[in-house]
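In my numbering, the protein residues as written are 59 to 245.
Heads up, the beta-carbon is just placed ideally off N, CA and C, and yes, glycines get one too.
These figures come from a predicted structure and were not determined experimentally.
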């Protein structure tokens, strides 16, 4: 399944959106604009690609096993890969959108020191996180239902300015009677 993803503003805009904008980043602006993106929570990860690029990220890496998701991410402007390798670098903002506990160690390895790792995935079972990796790298790991209100204004401003076009993210609309079949046919 898909591996990792970038969060572009959830759950707290001031901590998650700010690193995406080079002009507003701290003294280490070069590192602040590299992002990793991908995931089984496909549409969320794809929105994150578009938002990160709209905010000026110099590089967005989208890692997913599904070729269709990689094609969508590439069309949005991301660098795509089926497997995240060390030569892709380390990233300040990482979103886990894969829902695969076996991929979590690779997600944490992709995080730079002091990175913000946000999980937009729901795991059926309890996770085992390497406290050592989190501690020694100073990683902030966030999960849970986001308070999207804190990030809404900056994202709406990106949409209003035309910098981010949410309609560029592939969508499907189904009638209610087809909901079960549509849900079951997801990749």
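Restricting to Cα atoms, I'd like to know which of the options is closest to residue i.
i           : options               : result
residue 102 : 127, 150 and 141      : 127
residue 227 : 113, 135, 119 and 117 : 135
residue 145 : 184, 236 and 167      : 167
residue 197 : 224, 216, 150 and 180 : 150
Label residue i either buried or exposed according to how many other C-beta atoms from any shown protein chain fall within 10 Å of its C-beta, with 16 as the threshold for buried.
i           : result
residue 105 : buried
residue 162 : buried
residue 90  : At residue 90 the pLDDT is 31, less than 50, meaning the model places this residue with poor confidence and gives no usable figure here.
residue 143 : exposed
residue 210 : exposed
residue 116 : exposed
residue 199 : buried
Assuming contact is defined by CB atoms lying nearer than 8 Å, are residue i and residue j in contact in what I supplied?
i           : j           : result
residue 173 : residue 152 : yes
residue 171 : residue 195 : yes
residue 169 : residue 148 : yes
residue 188 : residue 157 : no
By Cβ distance, which residues of its chain are closer than 8 Å to residue i, with the 5 residues on each side in sequence left out?
i           : result
residue 243 : none
residue 224 : 105, 108 and 217
Only counting the same chain, and skipping five residues up and downstream in sequence, which positions put a Cβ closer than 6 Å to that of residue i?
i           : result
residue 232 : 240
residue 100 : 127
At the level of alpha carbons, what is the spacing between residue i and residue j?
i           : j           : result
residue 181 : residue 133 : 29 Å
residue 120 : residue 235 : 33 Å
residue 175 : residue 238 : 32 Å
residue 108 : residue 183 : 30 Å
residue 208 : residue 214 : 11 Å
residue 138 : residue 130 : 10 Å
residue 202 : residue 177 : 7 Å
residue 114 : residue 193 : 29 Å
residue 205 : residue 230 : 25 Å
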